[in-house]
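Step one of this worksheet: look at the structure below.
In my numbering, the protein residues as written are 1 to 207.
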């Protein structure tokens, strides 16, 4: 994943400025989502939406601790370019004017884009860990929880099961399942792993 940069003397990046302005806990969650999308072989459907006006433009959405956020992105030669981001309104999606602006600028930027040796997302995470102790604390552990929680939801939805249906098969309440899927960082890793194992066993029995 690479950051769109404004071609001026400062080489500014709207994404970088957006992330810098976020408190540590909010930035962690947004970056967990971006890293998951970058590293996964599957598109986590709960965070990714393609636009009807331009199917090459994608919107990533994440519900963090305080706010909901959106990120607009497009692909170039198999690599994501993150165009812009902000907190979302009550409609939980990027404003139409931002979508139009991204579409208008996308083609010209894609033609002049040069691949860099290191992903901007990974570079940003490393730099922020070094300068922000709160951000760096338990970042990797939190990402592991986040990744498992996303996988849990992906498996359940692929099987076309509701949280309530799963709770009847496994001795876990629907609210507990919702917490594990949406805020897995608040659940002990052992509980996430046990639930994942039970969920897989339930699906095997059904098949």
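Here a beta-carbon is modelled for each residue, glycine too, at the ideal position from N, C-alpha and C.
key: Any 3 or more C-beta pairs closer than 8 angstroms across the region 44-60 and the region 94-102   = yes
inquiry  = Please classify residue 130 as buried or exposed, where buried requires at least 16 other C-beta atoms within 10 Å of its C-beta.
reply    = Taking the chain shown and counting its residues from 1, the one referred to as residue 130 is at position 130. The residue in question, residue 130, is exposed, as its Cβ has fewer than 16 Cβ neighbours within 10 Å.
request  = Starting from residue 147, follow the alpha helix (DSSP H) in both directions and report where the run begins and ends.
outcome  = On the chain shown, residue 147 is found 147 positions in, with the first residue counted as 1. Run containing residue 147: 139-158, per the alpha helix (DSSP H) assignment.
ask   = With a CB to CB cut of under 7 angstroms and the five nearest residues on each side skipped, what residues in its chain are close to residue 142?
value = Taking the chain shown and counting its residues from 1, one reaches residue 142 at position 142. 28, 32 and 185.
inquiry  = Below 8 angstroms on the Cβ atoms is my contact criterion, and I expect residue 3 with residue 120 to pass it. Report the Cβ-Cβ distance as a whole number of Å.
reply    = Looking up residue 3 in the chain shown gives position 3. Looking up residue 120 in the chain shown gives position 120. So it is a contact: roughly 4 angstroms between Cβ atoms.
ask   = What's the gap between the Cα of residue 179 and the Cα of residue 60?
value = For the purposes of this step, residue 179 is taken as the residue at position 179 of the chain shown. For the purposes of this step, residue 60 is taken as the residue at position 60 of the chain shown. For residue 179 and residue 60, the distance between alpha carbons rounds to 20 angstroms.
request  = Can you grab the Cα-Cα spacing for the pair residue 8 / residue 1, in whole Å?
outcome  = The residue you call residue 8 lines up with position 8 of the chain shown. The residue you call residue 1 lines up with position 1 of the chain shown. Each residue's alpha carbon lies about 21 angstroms from the other.
key: Inter-residue Cα distance where the pair is residue 204 and residue 147   = Within the chain shown, the letter at position 204 stands for residue 204. Within the chain shown, the letter at position 147 stands for residue 147. Between residue 204 and residue 147, the C-alpha separation is close to 22 angstroms.
ask   = Going by Cα to Cα distance, which pick from 162, 13, 36 and 23 is closest to residue 140?
value = Position 140 of the chain shown holds residue 140. With distances taken between Cα atoms, residue 140 lies closest to 36.
request  = Would you grab the beta carbon distance between residue 80 and residue 38 for me? Rounded to a whole angstrom, and I think it's under 8 angstroms.
outcome  = Walking along the chain shown from the start, residue 80 turns up at place 80. Walking along the chain shown from the start, residue 38 turns up at place 38. Contact holds; Cβ gap of about 7 angstroms.
key: Coil, strand or helix - residue 69 by DSSP   = Residue mapping note: residue 69 aligns to position 69 of the chain shown, counting from 1. Note: residue 69 maps to strand in three-state DSSP.
query = Short check: CB of residue 45 to CB of residue 157, under 8 angstroms?
reply = If you number the chain shown from 1, residue 45 lands on position 45. If you number the chain shown from 1, residue 157 lands on position 157. For residue 45 and residue 157, yes; Cβs fall inside 8 angstroms.
request  = Report the three-state DSSP secondary structure of residue 183 (helix, strand or coil).
outcome  = Locating residue 183 in the chain shown gives position 183, where the first residue counts as 1. Note: residue 183 maps to coil in three-state DSSP.
message = With DSSP as the reference, identify every bridge partner of residue 61, one or two as the case may be.
response = Your numbering for residue 61 matches position 61 in the chain shown. Note: residue 61 sits in a beta bridge opposite 70.
inquiry  = Quick check: what's the CA-CA separation for residue 65 versus residue 171?
reply    = Taking the chain shown and counting its residues from 1, one reaches residue 65 at position 65. Taking the chain shown and counting its residues from 1, one reaches residue 171 at position 171. The straight-line gap from Cα to Cα measures roughly 28 angstroms.
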